[in-house]
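Undergrad: Okay, handing you the structure first.
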Amino acid sequence: MSAQQHDLAERQRRAGVIISQAAKWKVCEVCDAIVPRQKNLCGVCEGYRFDPDPDRVIAAARELGSRAATSVIPSDLT
Ligand SMILES: [Zn+2]
């Protein structure tokens, strides 16, 4: 399995976990990252506004699981 396939499989696994426990997560209003409910700051953009709607969490998790590593995170910009 290539690193990219492994990455996608891992994303799909994590997306499944998030979808099954949507109430434990929230979506960053700035960058759409999925963040644990108990966190006060987004780990990606350090935003502090979140949408706790489980429907939005599930939609964001499906998006995460359906694509390869294309989202821009700070380490991609250096
Ligand atoms: Zn964010």
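Just so we're aligned: the sequence shown equals residues 1307 to 1384 in the numbering used here.
Backbone N, C-alpha and C define an ideal beta-carbon position, used for all residues, glycine too.
Can you tell me which residues form a DSSP beta bridge with P1342?
TA: According to DSSP, P1342 bridges with W1331.
Undergrad: In three-state DSSP terms, what is D1359?
TA: Here D1359 sits in coil by DSSP.
Undergrad: Just tell me which of A1339, K1345, L1314 has its CA closest to the CA of C1351.
TA: Out of A1339, K1345, L1314, A1339 has the C-alpha closest to the C-alpha of C1351.
Undergrad: Report yes if the C-beta of A1339 is less than 7 Å from at least one heavy atom of ligand 1; otherwise report no.
TA: Flag set: Cβ of A1339 near ligand 1.
Undergrad: Any contact between the stretch 1328 to 1337 and the stretch 1353 to 1361? By contact I mean 3 or more CB pairs, one from each, below 8 Å.
TA: With the cut-off at 8 Å, the stretch 1328 to 1337 and the stretch 1353 to 1361 touch.
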